[in-house]
Amino acid sequence: IDRIIDYAELGDFIDTPVRHYSSGMYVRLGFAVAIHTDPDLLLVDEVLAVGDTNFQHKCLTSIRQLQAAGVTMILVSHDLASIQSICSRAIWIRHGKVQSDGPPLDVTLDYLSQLSVDEDAARTQGGEITDMEKLERRRWGSGKIRITRVETLDADGNLVPSLNTGGPLTVRLHYQAPQRVEQPVFGIGLHNQSGVHVGGPNTRTGHFHISFVEGEGTLDYHMPSVPLIEGEYLLSVAVVNADDTETFDYHDRLYPVRVHAGRSSERYGLVQLAGEWRLASDAEPGLPIDPSLAAANGR
Numbered sequence: 006i007d008r009i010i011d012y013a014e015l016g017d018f019i020d021t022p023v024r025h026y027s028s029g030m031y032v033r034l035g036f037a038v039a040i041h042t043d044p045d046l047l048l049v050d051e052v053l054a055v056g057d058t059n060f061q062h063k064c065l066t067s068i069r070q071l072q073a074a075g076v077t078m079i080l081v082s083h084d085l086a087s088i089q090s091i092c093s094r095a096i097w098i099r100h101g102k103v104q105s106d107g108p109p110l111d112v113t114l115d116y117l118s119q120l121s122v123d124e125d126a127a128r129t130q131g132g133e134i135t136d137m138e139k140l141e142r143r144r145w146g147s148g149k150i151r152i153t154r155v156e157t158l159d160a161d162g163n164l165v166p167s168l169n170t171g172g173p174l175t176v177r178l179h180y181q182a183p184q185r186v187e188q189p190v191f192g193i194g195l196h197n198q199s200g201v202h203v204g205g206p207n208t209r210t211g212h213f214h215i216s217f218v219e220g221e222g223t224l225d226y227h228m229p230s231v232p233l234i235e236g237e238y239l240l241s242v243a244v245v246n247a248d249d250t251e252t253f254d255y256h257d258r259l260y261p262v263r264v265h266a267g268r269s270s271e272r273y274g275l276v277q278l279a280g281e282w283r284l285a286s287d288a289e290p291g292l293p294i295d296p297s298l299a300a301a302n303g304r
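For the sequence shown, the numbering used here gives the first residue as 6, with consecutive numbering after it.
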């Protein structure tokens, strides 16, 4: 019992009636009990979404230990990163029906693709926002400057929904400012399918000063080579005031961008690191370069 209480970190509340526990406290206690009962099958429901970072790390460590011990585990979660990290198989269920079943990466990509399809009714392929009511939950701002259209373009200026690893990409922002606004800052952001923030360039950090905007205009951010590995990414765009105390318009992860492998075979990490492999000496390929290693192997 003491080990369960210590694990759940509820020692200060152990004498409090359970009916007064928060949902997070319930989950902590339930998970602590479950892992201390030597289970053969463990159903885990959103446990990695409660508690502080230390508690979540402790839960993740326990889950990996149970997996190593041969315990069968079912993880119920919306945390795509945890699903890909922990699971060997994923099932996406929507409205009680199986939508996708297979490797975690494939299933999470299917899930994110469907999110994009659901939002396509609110914008065109090129990124024009046509029904903002459907996007209110992921768009906010004072409206002094409005981003009216977002486009992703290839090297020839054609609208494209995808690119190859290492290929060029231009993000074009169309904006409208009913009145003059001094020194606005525009920016974009990219998140991968796990919710990891890949990058977020803006005009301030890029030393691209805009003295003012008024009326309609267009702004491009050109990337000559995008090193992202294959996957589904979500693009955010924003415009704020000079000291970042007022958000004029923010579109949070509204625009899907698909990256294809192309000639790249890299599957791990976030980006393909440019470089090449070479021997550090004239040693024959396949032989140890360090003479002491060669001697140890009888060569």
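Heads up, the beta-carbon is just placed ideally off N, CA and C, and yes, glycines get one too. This one's a predicted model, so the numbers in the text were calculated from it and none came from an experiment.
Segment limits, beta strand (DSSP E) that includes residue i
i, result
"Val176", "Leu174 to Glu187"
"Gly107", "Lys102 to Gly107"
"Phe253", "Thr252 to His265"
"Arg8", "That residue, Arg8, is in no beta strand (DSSP E); its alpha helix (DSSP H) goes Asp7 to Ala13."
"Phe217", "Phe217 to Met228"
"Gly274", "Per DSSP, Gly274 belongs to no beta strand (DSSP E) and is neither H nor E."
"Ser241", "Gly236 to Val245"
"Ala285", "Run containing Ala285: none; DSSP gives neither H nor E here."
"Gly194", "Val190 to His196"
"Ala315", "Residue 315 falls outside the range modelled here, since the chain spans only 6 to 304, and no answer is possible."
Close Cβ partners of residue i (< 6 Å) along its chain, the five nearest in sequence each way excluded
i, result
"Asp225", "Thr175 and Arg177"
"Arg2", "The chain is shown only over 6 to 304; residue 2 falls outside these bounds and no answer can be derived."
"Ile19", "Ile10"
"Ala95", "Ile88, Pro109 and Val112"
"Gly171", "Ser230"
Minimum C-alpha distance to residue i - residue among the options
i, options, result
"Leu164", "Thr170, Gly171 and Glu156", "Glu156"
"Ile9", "Glu237, Tyr273 and Arg33", "Arg33"
"Ser199", "Phe60, Ser216, Thr113 and Ser27", "Thr113"
"Val103", "Arg283, Ser167, Tyr116 and Met30", "Tyr116"
"Val38", "His62, Ser67, Asp161 and Arg24", "Ser67"
"Lys149", "Gly16, Ser286, Ala243 and Gly280", "Ala243"
"Gly205", "Ser93, Val81, His100 and Phe191", "Phe191"
"Asn207", "Met228, Val201, Asp106 and Gly101", "Met228"
"Asp249", "Asp106, Arg209 and His25", "Arg209"
"Ser167", "His100, Gly267 and Asp254", "Gly267"
"Thr42", "Gly107, Glu251 and Ile6", "Ile6"
"Tyr12", "Asn59, Val49 and His25", "Asn59"
"Glu14", "Val49, Gln61 and Asp45", "Gln61"
Close Cβ partners of residue i (< 8 Å) along its chain, the five nearest in sequence each way excluded
i, result
"Leu240", "Val155, Thr157, Val176, Ile193, Gly194, Leu195, Arg258, Leu259, Tyr260, Pro261 and Val262"
"Gln72", "Met78 and Ile91"
"Gly274", "Ile234"
Within 8 Å, strictly: CB atoms of residue i and residue j
i, j, result
"His265", "Glu235", "yes"
"Gly222", "Tyr180", "yes"
"Val76", "Leu47", "yes"
"Val186", "Phe213", "no"
"Val201", "Leu233", "no"
"Ile215", "Gln188", "yes"
"Asp254", "Arg151", "yes"
Collapsed DSSP secondary structure at residue i in the structure displayed
i, result
"Gly162", "coil"
"Ala126", "A caution first: Ala126 carries a pLDDT of 48, below 50, which makes its placement in the model unreliable, though a value can still be read off. Coil."
"Leu168", "strand"
"Gly131", "Residue confidence for Gly131 is low, a pLDDT of 45 falling below 50, so the modelled location carries little weight; the figure read from the coordinates is stated next. Here Gly131 sits in coil by DSSP."
"Thr332", "Summary: the structure shown does not reach residue 332, with the chain confined to residues 6 through 304, and so no result is reported for it."
"His83", "coil"
"Asn59", "helix"
"Thr210", "coil"
"Arg144", "strand"
"Val203", "strand"
Check: residue i C-beta below 7 Å from any heavy atom of the ligand COA
i, result
"Pro166", "Ligands are entirely absent from the displayed structure, and the ligand COA is therefore not among its contents."
Endpoints, the alpha helix (DSSP H) within which residue i is located
i, result
"Ile150", "It is not in any alpha helix (DSSP H) - Ile150 carries neither H nor E in the DSSP assignment."
"Leu46", "No alpha helix (DSSP H) holds Leu46; the beta strand (DSSP E) holding it covers Leu46 to Asp50."
"Arg33", "Ser28 to Ile40"
Beta-carbon contacts of residue i that lie in its chain and below 7 Å, excluding the five residues immediately before and after
i, result
"His83", "none"
"Val23", "none"
"Ser27", "none"
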